[in-house]
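Here's the structure, in structure tokens; my notes come after.
Residue numbers (our numbering), protein chains in the order written: chain E, 31 to 370; chain U, 389 to 717.
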């Protein structure tokens with residue numbers, strides 16, 4: 031079953047809604063998204079560009095860029111609601127209880143300060159350590175993320191590190207105060223493939239050792255399959271499916287997830303062509319009525335164009351699809367029996 | 389690093405030689421200096437005699453070498469107008485200009501940087517919009533008009549500040565200072581504002597646009613995600629990243645303040661080098677003009693050297709790479 035599912039959740043996101051007011055009306059970029067992350071669990075969040083996965087992460091750490099704003103729902107960290115905290119209180123949570131890792135390690139570090147200085151200032155912001163102790167902790171963290179010669183490297187500047195090394199430094203920065211949760215937004219996208227695997231392995235090992243939970247936002251299904259315990263699939267600002275990684279990858283329920291998995295090349299199976307989902311994800315200004323996926327869905331029925339499905343149990347996972355509703359439309363019945 | 393400094397020094401010498409050449413040409417091509425020195429009824433033989441005595445019949449390269457040699461040791465000859473040594477004339481006027489320029493620069497940087505940071509951090513706030521609008525006035529109004537308006541308001545209507553001169557000064561050797569008397573300080577206010585206003589608005593707008601840009605960068609977002617305080621982010625991380633262009637412009641403007649104090653000094657009858665230069669132009673006093681040219685270019689070159697060295701202090705990326713990469717700036 032789901033790892034850690036019997037514990038109290040570390041993070042709970044309930045009915046989260048993120049809006050962007052524009053001149054032509056309000057865009058809903060994240061709509062009614064709910065999920066939870068247990069302590070030590072790795073939740074992968076996948077979806078195409080613009081599906082709202084990065085915005086969900088930004089909303090959790092309270093760093094939505096204006097004019098984007100949380101318009102509804104709540105974010106609860108260890109029983110405490112954090113989405114409506116004043117800036118200063120949320121600042122003390124960021125870095126201390128929720129760490130963050132961004133996509134591009136080349137631009138995440140301030141070029142004018144040594145990495146030691148950036149580590150020490152983060153450590154001293156959150157932990158009551160003296161300058162000497164903070165520096166020692168900075169060196170220990172650099173050793174932990176596998177930077178050779180940490181004692182001397184601590185005084186070097188970001189431009190003296192390679193991309194992969196810089197992402198290690200970024201991970202060390204995220205771990206400064208031993209947060210319970212790390213929101214990692216596409217942490218490997220900017221790196222080349224051989225480095226990607228190292229960084230993912232490192233992130234996995236550190237989180238296991240520290241008991242840190244991770245919300246891993248990516249569009250790379252390979253990374254998810256390798257790292258995550260559970261997967262949430264997002265489509266046009268909504269959750270399409272969520273469930274244990276094995277089931278979502280091998281036995282997806284939602285037609286969109288199935289299409290997504292079909293598009294991944296695999297070594298074992300010989301195929302002439304990978305499956306592809308016809309059409310493109312709708313723009314936020316023109317999300318279709320009913321299920322957002324219905325124009326591209328091979329199984330769409332009448333109800334799909336009229337009513338929005340909520341997440342409902344579909345085998346081991348939960349999917350937002352009318353196929354799995356007991357009063358589902360025609361072709362659903364056959365598939366439902368097949369899945370059950 | 390040392391190679392870089394040496395190269396910059398060589399460039400500075402080149403610039404000074406070029407300016408020296410222009411200054412030297414003034415003597416040769418703007419009228420015959422002998423004509424300016426002797427009376428109308430001097431015989432041709434006497435003229436030739438004087439020409440030989442002054443070394444003016446030597447070849448131009450030799451004369452140029454002698455001119456540069458003298459200039460390097462501070463001898464610029466005698467003023468055609470007052471027959472005083474030019475070096476002394478300039479030295480007498482130098483403190484007035486330097487003190488005025490210093491005050492104007494402090495006014496421009498001391499106010500321009502904080503205002504730029506503020507308008508960059510809160511670009512939508514009404515005070516920022518108001519400052520942006522007002523700064524347009526500072527950019528577009530000519531200096532003499534600002535000076536005259538200030539005189540009209542503070543000296544004529546309110547009668548609280550003097551409209552001309554330096555006030556009382558205190559002597560320290562050859563240096564005269566207006567910093568130590570009440571009237572000297574009061575006399576500095578209006579000219580400093582007049583001279584510094586344009587630079588202030590320029591620096592403010594520059595810092596603002598740089599701040600806006602830096603605040604959008606990933607490392608600022610990441611600094612927020614690390615939970616750093618606003619103070620640390622705005623001043624520690626953001627402001628420092630705006631410094632390289634700000635230092636460049638400020639350095640250039642400091643040179644400009646010294647060189648273009650001419651207008652302000654004329655408006656306020658400020659007894660500085662600029663005023664001396666204007667008088668010399670009117671009189672055709674070539675030795676003074678030549679010396680002024682050289683001195684101003686010397687200031688420019690020195691300030692630019694300091695700016696180049698400051699890049700190394702601010703930006704660690706330049707330090708490691710040495711002269712080759714630094715040359716791109």
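A virtual CB, placed ideally from N, CA and C, is assigned to each residue, including glycine. Nothing here was measured: the structure is a model prediction, and the numbers come from that model.
Any chain E beta carbon closer than 8 Å to residue i
i: residue 359 of chain U; result: Limits of chain U in this structure are 389 at one end and 717 at the other, which puts residue 359 of chain U out of reach.
i: residue 696 of chain U; result: no
i: residue 509 of chain U; result: no
i: residue 699 of chain U; result: no
i: residue 636 of chain U; result: no
i: residue 404 of chain U; result: no
Cutoff 8 Å: residue i Cβ touching any chain U Cβ
i: residue 365 of chain E; result: Note that residue 365 of chain E scores a pLDDT of 46, beneath 50, so its modelled location is shaky and nothing firm can be said.
i: residue 372 of chain E; result: Residue 372 of chain E is absent from the structure shown; chain E starts at 31 and stops at 370.
i: residue 113 of chain E; result: no
i: residue 50 of chain E; result: no
i: residue 151 of chain E; result: yes
i: residue 193 of chain E; result: no
i: residue 65 of chain E; result: no
i: residue 121 of chain E; result: yes
i: residue 124 of chain E; result: yes
i: residue 134 of chain E; result: yes
i: residue 180 of chain E; result: no
i: residue 168 of chain E; result: no
i: residue 130 of chain E; result: yes
i: residue 43 of chain E; result: no
Buried/exposed call for residue i, threshold 16 Cβ in 10 Å
i: residue 513 of chain U; result: exposed
i: residue 537 of chain U; result: exposed
i: residue 269 of chain E; result: buried
i: residue 329 of chain E; result: buried
i: residue 61 of chain E; result: buried
i: residue 675 of chain U; result: buried
i: residue 285 of chain E; result: buried
i: residue 97 of chain E; result: exposed
i: residue 710 of chain U; result: Low confidence applies to residue 710 of chain U: its pLDDT is 45, below 50, so where it sits in the model is not reliable, and the reading given next is rough at best. Flag for residue 710 of chain U reads exposed.
i: residue 622 of chain U; result: buried
i: residue 294 of chain E; result: exposed
Terminal residues of the alpha helix (DSSP H) in which residue i lies
i: residue 637 of chain U; result: 628-647
i: residue 342 of chain E; result: Careful: residue 342 of chain E lies outside any alpha helix (DSSP H), inside the beta strand (DSSP E) at 342-344.
i: residue 696 of chain U; result: 674-702
i: residue 602 of chain U; result: 570-603
i: residue 515 of chain U; result: 514-528
i: residue 469 of chain U; result: Run containing residue 469 of chain U: none; DSSP gives neither H nor E here.
i: residue 448 of chain U; result: 448-460
i: residue 417 of chain U; result: 390-417
i: residue 279 of chain E; result: 275-280
i: residue 183 of chain E; result: 180-183
i: residue 611 of chain U; result: 606-613
Neighbouring residues, chain U, relative to residue i (Cβ below 9 Å)
i: residue 93 of chain E; result: 609, 612 and 613
Residue range of the beta strand (DSSP E) that includes residue i
i: residue 52 of chain E; result: 41-52
i: residue 103 of chain E; result: 99-107
i: residue 131 of chain E; result: 128-131
i: residue 117 of chain E; result: Segment 117-123 is the alpha helix (DSSP H) holding residue 117 of chain E; no beta strand (DSSP E) there.
i: residue 61 of chain E; result: 55-67
Closer than 8 Å at the beta carbon, the chain E residues around residue i
i: residue 723 of chain U; result: In this structure chain U extends from 389 to 717, so residue 723 of chain U is not present and cannot be described.
The ligand SAM heavy atom lying under 7 Å from the CB of residue i
i: residue 284 of chain E; result: Inclusion of the ligand SAM in the displayed structure is not the case, the ligand content being empty and no account of it being possible.
Where residue i meets chain U, residues with beta-carbon distance less than 8 Å
i: residue 155 of chain E; result: 614, 615, 616, 617 and 620
i: residue 203 of chain E; result: 610 and 614
Partners in chain E for residue i, counting only beta-carbon separations shorter than 7 Å
i: residue 605 of chain U; result: 137
i: residue 628 of chain U; result: 142
Contact set between residue i and chain U, taken where Cβ atoms lie within less than 7 Å
i: residue 340 of chain E; result: Here the premise fails: no neighbours, minimum Cβ distance about 32 Å.
Where residue i meets chain E, residues with beta-carbon distance less than 9 Å
i: residue 702 of chain U; result: 142
*asked:* Could you check whether the segment 138-147 of chain E touches the segment 176-184 of chain E, counting it as contact only if at least three pairs of C-beta atoms, one from each stretch, sit closer than 8 Å?
replied: With a cut-off of 8 Å, the segment 176-184 of chain E and the segment 138-147 of chain E count as touching, because enough Cβ pairs lie within range.
*Meets three-Cβ-pair contact criterion under 8 Å: the segment 567-585 of chain U and the segment 610-620 of chain U*: Pairwise C-beta distances place the segment 567-585 of chain U out of contact with the segment 610-620 of chain U, as fewer than three of them are shorter than 8 Å.
*Could you say if the segment 76-94 of chain E and the segment 116-134 of chain E meet the contact criterion of at least three C-beta pairs nearer than 8 Å?*
Three or more pairs of CB atoms, one per stretch, sit closer than 8 Å, so the segment 76-94 of chain E contacts the segment 116-134 of chain E.
*Would you check if there are 3 or more beta carbon pairs closer than 8 Å linking the segment 242-251 of chain E to the segment 73-80 of chain E?*
Contact check between the segment 242-251 of chain E and the segment 73-80 of chain E: three or more CB pairs, one atom from each, fall below 8 Å, which counts as touching.
_At least three beta-carbon pairs within less than 8 Å, the segment 597-616 of chain U to the segment 678-697 of chain U_ = No, because fewer than three Cβ pairs between the segment 597-616 of chain U and the segment 678-697 of chain U fall closer than 8 Å, the two stretches do not touch.
*Does the segment 690-704 of chain U come close enough to the segment 633-648 of chain U to have 3 or more Cβ pairs within less than 8 Å?*
Here the segment 690-704 of chain U makes contact with the segment 633-648 of chain U; the two share three or more CB pairs at distances below 8 Å.
*Indicate whether the contact test is met: 3 or more Cβ pairs, each with one atom in the segment 336-349 of chain E and one in the segment 302-314 of chain E, closer than 8 Å.*
With contact defined as three or more Cβ pairs closer than 8 Å, the segment 336-349 of chain E and the segment 302-314 of chain E are not in contact.
*asked:* Whether or not the segment 595-603 of chain U and the segment 664-678 of chain U are in contact is what I'm after, with contact meaning three or more pairs of Cβ atoms, one per stretch, closer than 8 Å; do they touch?
replied: Judged by Cβ distances under 8 Å, the segment 664-678 of chain U makes no contact with the segment 595-603 of chain U, as fewer than three pairs qualify.
*Flag this pair as touching only if the segment 452-462 of chain U and the segment 539-548 of chain U have three or more C-beta atom pairs under 8 Å; answer yes or no.*
Put simply, the segment 452-462 of chain U does not touch the segment 539-548 of chain U. Fewer than three CB pairs are less than 8 Å apart.
*Can you find at least 3 beta carbon pairs, one from the segment 311-327 of chain E and one from the segment 54-71 of chain E, that sit closer than 8 Å?*
Three or more Cβ pairs closer than 8 Å define a contact, and the segment 311-327 of chain E meets that threshold against the segment 54-71 of chain E.
_the segment 472-492 of chain U / the segment 646-653 of chain U touching (three or more Cβ pairs under 8 Å)_ = Touching, per the Cβ criterion.
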